[in-house]
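K.L.:
Once you've had a glance at the structure underneath, I'll fire off some questions.
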Amino acid sequence: MEREEKIIAYLLNELNTEERADFESAMHADPELKQAFLSYQTSLSSLDKLAAETPSIELKRKFESFLKNEIAKPQAHQNNLRILSPLKWMGVAASILLAGFFLNQFIQDAPTNSDFNTINPEWIQTVSTGKTSERIQAIHEITDKNDLDPTILKAIEEVMYNDQSSNVRLAAVESLGQYVHQSEVQLMLIEALQKIETPIIKIEIINTLTQNKDDKAKDTFEAMLAKNDLNDAVRNELHTNIRKLENIY
81 MEREEKIIAY LLNELNTEER ADFESAMHAD PELKQAFLSY QTSLSSLDKL
131 AAETPSIELK RKFESFLKNE IAKPQAHQNN LRILSPLKWM GVAASILLAG
181 FFLNQFIQDA PTNSDFNTIN PEWIQTVSTG KTSERIQAIH EITDKNDLDP
231 TILKAIEEVM YNDQSSNVRL AAVESLGQYV HQSEVQLMLI EALQKIETPI
281 IKIEIINTLT QNKDDKAKDT FEAMLAKNDL NDAVRNELHT NIRKLENIY
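Numbering (the numbering used here), first residue to last: 81 to 329.
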């Protein structure tokens, strides 16, 4: 786990007792780590001012229907299938769990378009029961640079909105950033920026759009600044990234 991820996991109480003790020892021995921790702690203190977001029931309903339709498709062209990257299985598995499906149903009736292959039960087990750090590592292992299959794109979107771990949601945003050249991904991130209330996720989306030089984002950033109830950390990030985009374009 990267230093920043461990700091966030500590602040969000996602480390076990042993991991917390190890982190505290490392922080006492490393002034730079302690300074970084204090900076994150200050930024995240504003989270207490906001109520925890409630995942969209309508989004879950639509996504469940979408997955049911995909799973119901007859299997075909199995000899032409290619291996699916770990992140894609992570996204599908997490979304299936959120939609209430059993894993064995998905293994037996997996979608069979060109982006799917036989599911790895061991990988599914890791995704289902693995620690936060293991799930994040799985997301970071993505190497497929081709256009995302719509099923997988929808699965990653569901993880971004609804995963129990903020760190996993952050990793989902980062993975979508690899495909931000696609207009549908740009629009997905811009929409999520306006719907998701968690400041740390908003900030990651803002940076993702800016780093990928998304000119559509600037208007959205400026419109968001007009809101009176905007979190201070998010507002500061919007100002900073608007300036970056102005320098680019």
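Glycine included, every Cβ here is placed at the ideal spot set by N, Cα and C.
Computed from a prediction, not measured in an experiment: that's the story for all the values here.
1. Would Thr-288 and Val-260 be called neighbours here (beta carbons separated by less than 8 Å)?
2. DSSP state of Ser-246, grouped into three classes?
3. Figure out for me which residue from Arg-249, Leu-233, Asp-243 has the closest Cα to the Cα of Ser-267.
4. If I measure Cβ to Cβ from Glu-237 and keep anything under 7 Å in the same chain, skipping five residues before and after, which residues do I get?
5. For Asn-316, count neighbouring Cβ atoms within 10 angstroms of its own Cβ and tell me buried if that reaches 16, exposed if not.
6. Please report the Cβ distance between Ser-246 and Ile-280, rounded to the nearest whole angstrom; I am assuming they are in contact, meaning their Cβ atoms lie under 8 Å.
7. Taking Cβ to Cβ, would you say Ala-251 is nearer than 8 Å to Ile-216?
8. Work out the CA separation of Ala-116 and Ile-276 for me, nearest whole Å.
9. With Asp-299 as the anchor, note down where its alpha helix (DSSP H) starts and where it stops.
10. Leaving out five residues on either side along the sequence, give the residues of the same chain with a beta carbon under 7 Å from the beta carbon of Met-107.
11. Helix, strand or coil for Val-332 per DSSP?
12. What does a CB cutoff of less than 6 Å around Ala-297 pick up in its chain, not counting 5 residues either side in sequence?
P.N.:
Reading off the structure:
1. Working through the sequence shown from its first residue, we reach residue 288 at position 208. Working through the sequence shown from its first residue, we reach residue 260 at position 180. Taking 8 Å as the Cβ cut-off, Thr-288 and Val-260 qualify as a contacting pair.
2. As a working mapping, residue 246 is identified with position 166 in the sequence shown. Three-state DSSP puts Ser-246 in a helix.
3. Here residue 267 refers to the residue found at position 187 when the sequence shown is read from its first residue. The residue asked about is misnamed: residue 267 is Leu in this sequence, not Ser. Taking only the C-alpha atoms, the option nearest Leu-267 is Leu-233.
4. Residue 237 sits at position 157 when you count from the first residue of the sequence shown. Counting only Cβ-Cβ distances below 7 Å, and skipping sequence neighbours, we find Met-268.
5. On the sequence shown, residue 316 is found 236 positions in, with the first residue counted as 1. Classification of Asn-316: exposed, given that the 10 Å Cβ count is below 16.
6. As a first step, residue 246 must be located in the sequence shown, where it is residue number 166. As a first step, residue 280 must be located in the sequence shown, where it is residue number 200. That belief holds up - the Cβ atoms of Ser-246 and Ile-280 are roughly 6 Å apart, short of 8 Å.
7. As a working note, residue 251 is residue 171 in the sequence shown. As a working note, residue 216 is residue 136 in the sequence shown. Contact flag set, yes.
8. Taking the sequence shown and counting its residues from 1, the one referred to as residue 276 is at position 196. Taking the sequence shown and counting its residues from 1, the one referred to as residue 116 is at position 36. Going from the Cα of Ile-276 to the Cα of Ala-116 covers about 25 Å.
9. Along the sequence shown, one-based indexing puts residue 299 at 219. Its alpha helix (DSSP H) spans residues 297 to 304.
10. Translated into positions along the sequence shown, residue 107 becomes position 27. Leu-113, Lys-114, Phe-117.
11. Lying before the first or after the last residue shown, residue 332 is absent from the chain, which here runs from 81 to 329.
12. Looking up residue 297 in the sequence shown gives position 217. Result list for Ala-297: Leu-289, in chain order.
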